Amino acid sequence: MSTFTVSRSALIPAPPSAIFPLVNDFHEWTKWSPWEAMDPNLSRSYSGPESGVGAKYEWTGNNKVGSGNMEIVGSDEPSRVRIRLEFIKPFKGVNPTVFTFVPEGGATRVTWAMTGENKTLLSKLFSLVMNMDKMVGKDFEKGLASLSVEAVKRKS
Numbered sequence: 350m351s352t353f354t355v356s357r358s359a360l361i362p363a364p365p366s367a368i369f370p371l372v373n374d375f376h377e378w379t380k381w382s383p384w385e386a387m388d389p390n391l392s393r394s395y396s397g398p399e400s401g402v403g404a405k406y407e408w409t410g411n412n413k414v415g416s417g418n419m420e421i422v423g424s425d426e427p428s429r430v431r432i433r434l435e436f437i438k439p440f441k442g443v444n445p446t447v448f449t450f451v452p453e454g455g456a457t458r459v460t461w462a463m464t465g466e467n468k469t470l471l472s473k474l475f476s477l478v479m480n481m482d483k484m485v486g487k488d489f490e491k492g493l494a495s496l497s498v499e500a501v502k503r504k505s
């Protein structure tokens, strides 16, 4: 139980070219990220390039969203975005995250996957009572649904 993966996918009725920019640019995440509405006073900062490799996003929020940062470490337009996700609060951890965009008919299969390790004794104990897939999976589903709405707007 030392490693975990949370993964969700959705078929979005838009081409990868309409979806990819919404993930590859952290400024666009305010439109679809499931955590944006959890804290109306969320503090955000951006650094590095506007989008793509090296783009960085840092946040600090309430107990529901915690604090941390993300950096795009791989950007293969229009098929994949790789992110280094680091949580500071409520628990420290680094969780590699990948979005993939695969054309499927006239739509795109978007998969959002996050992996991690329970390295500390506290995180290992936490994993015995809290299932990361159940805890985060619903947020991924909500985020993919919102991403779909934004991508369809962009496609129009």
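Take the sequence shown: its position 63, counted from the start at 1, is 412 in our numbering, and no numbers get skipped. Even glycine gets a Cβ: it sits at the ideal position worked out from N, Cα and C. Bear in mind that the values here come from a model prediction, so they are computed numbers and not experimental data.
Considering only VAL498, LEU493, GLU499, the residue with the shortest C-alpha distance to SER358 is LEU493. Using a C-beta cut-off of 8 Å, the segment 455-463 makes no contact with the segment 398-418, since fewer than three inter-stretch Cβ pairs fall below that distance. Exclusion of the five residues before and after THR379 leaves GLU385 as the residues of its chain whose Cβ lies within less than 6 Å of its Cβ. Counting the other Cβ atoms within 10 Å of the Cβ of THR457 gives 16 or more, which makes it buried. Counting of Cβ neighbours within 10 angstroms places MET419 among the buried residues, the total reaching 16 or more. Residue nearest to GLU426 within the set ASN390, PRO364, GLY486 is PRO364 (criterion: CA-CA distance). Residue burial annotation: SER382 is buried, with at least 16 other C-beta atoms found within 10 angstroms of its C-beta.
For ALA367, the enclosing alpha helix (DSSP H) covers residues 365-373. When beta bridges are read from the DSSP output, VAL443 appears opposite GLU435. The C-beta distance from ARG431 to GLY423 rounds to 3 Å, short enough to fall under 8 Å. Excluding five sequence positions before and after ASN411, the CB atoms of its chain that fall closer than 6 Å to its own CB belong to ASP388, given in chain order. Each residue's CA atom was taken as its position, placing THR446 and VAL485 some 13 Å apart. The closest CA to that of VAL501, considering only PHE353, THR352, SER351, PRO362, is found on PRO362.
Less than 8 Å separates the beta-carbon of PHE450 from that of PHE369.
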